[in-house]
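Reading through the structure tokens given below for one structure.
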Amino acid sequence: MKPYLFSHLDEIAGRLSGRQVSVFLDFDGTLAPIVNRPEDAVLPTSMKEILQQLAGVAPLAIVSGRGSGNAREKVGIPGLVYAGNHGLEIEGEGLSYTIPEAVAAQDKIACVMAELRGVVDDLGMPGAVFEDKGLTASIHYRLLEGDVEAFLKALRNHLRPYAENGALRIVEGKKVVEIRPGVAWDKGKAVEWLLAQERFKGSIPVYAGDDLTDCDAFRAIDGTGISVAVGLHLDDADYYLRTQEEVEEFLRWLTSAIEAKRS
Ligand SMILES: [Mg+2]
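With the first letter of the sequence shown counted as 1, position 246 gets the number 420 in my numbering; the numbers rise by one all the way through.
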């Protein structure tokens, strides 16, 4: 059984004590509730307010599967760094970095997405949502009408050769299949990269996320930072929260803890 975060606040406060804290947050399912269509996701007003406060006392990065521009639009707070497309593109606060291999693979991903539309058309199952995010692409099947296993099997069969020859990386998450360039880069690598930048250097990182792709970041800060899984289904994190709503309460506590240290 993983430790429930709110039963270990003293321990966390002890680990943060005397250190500059930096905060890394996933967006969907962590800051904003999961919705059927990614474009409908909304950052709750109360969450936005606490993020603004937090950004005033700690370097803060949003680490999302969304494109960085899209994540920026959804969050809408100045003074943040956005690591989009699972960290393949990083921008904000004087930082600007895109993984070159990802740019090179963009046409390939567009081609494969077109092929997959054909595969899904042939299946005759409506409801799949194709999302083009620039450097990566996603197929969401939360709204799929039909046999999900048959759907996934068809996608996996089509994608297997691309994954096997290293051209693409296929990553499955919550009701989503992600198509990424075949480069060894993920949210964990992005967090490591950010921690080497002046803005974040020497800080103790706190990372919260709700999906399998966040586990790379949990592992990246294992032993040095504090990782928080949103929901009970993820391993590798130091602590867990039961629901997305609890993230807000945690960030409120974290902001107060950092503010108290400063005064
Ligand atoms: Mg998420």
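Note that the Cβ used here is the ideal one computed from N, Cα and C, for glycine as well.
request  = Provide the residue(s) that pair with Pro379 in DSSP beta bridges, ordered along the chain.
outcome  = Ser196
message = Does His332 come out as helix, strand or coil in the three-state DSSP assignment?
response = helix
key: Alpha-carbon spacing of Gly253 relative to Arg189, whole angstroms   = 26 Å
query = Between the beta-carbon of Val404 and the beta-carbon of Tyr413, is there less than 7 Å?
reply = no
query = Touching or not, the stretch 276 to 287 and the stretch 355 to 365, by the rule of three or more beta carbon pairs under 8 Å?
reply = yes
ask   = How would you write the range of the alpha helix (DSSP H) that Asp296 sits in, first residue to last?
value = 280 to 297
ask   = Grouping DSSP H, G and I as helix and E and B as strand, with all else coil, what is Gly405?
value = coil
query = Can you tell me where the alpha helix (DSSP H) with Phe392 in it begins and where it stops?
reply = 389 to 394
key: Cutoff 8 Å; reference Ala245; Cβ partners in own chain excluding five residues on either side   = Phe201, Ile236, Ser238, Tyr256, Gly258
Simplified DSSP assignment, three categories, for Arg343 = strand
When Lys307, Val293, Glu265, Glu247 are compared against Ala284, the one with the closest alpha-carbon = Lys307
inquiry  = Below 6 Å, is the gap between the Cβ of Gln385 and the nearest heavy atom of ligand 1?
reply    = Residue identity check: residue 385 is Asp in the sequence provided, not Gln. Correct: Asp385 has its Cβ closer than 6 Å to ligand 1.
task = Confirm, please, whether the CB-CB distance from Phe325 to Leu318 is below 7 Å.
result = yes
query = Could you check where the beta strand (DSSP E) with Leu415 kicks off and where it finishes?
reply = 413 to 415
message = Helix, strand or coil, according to DSSP, for Ser242 in the structure here?
response = helix
request  = Could you please give me the residues that DSSP links to Thr272 through a beta bridge?
outcome  = Glu263
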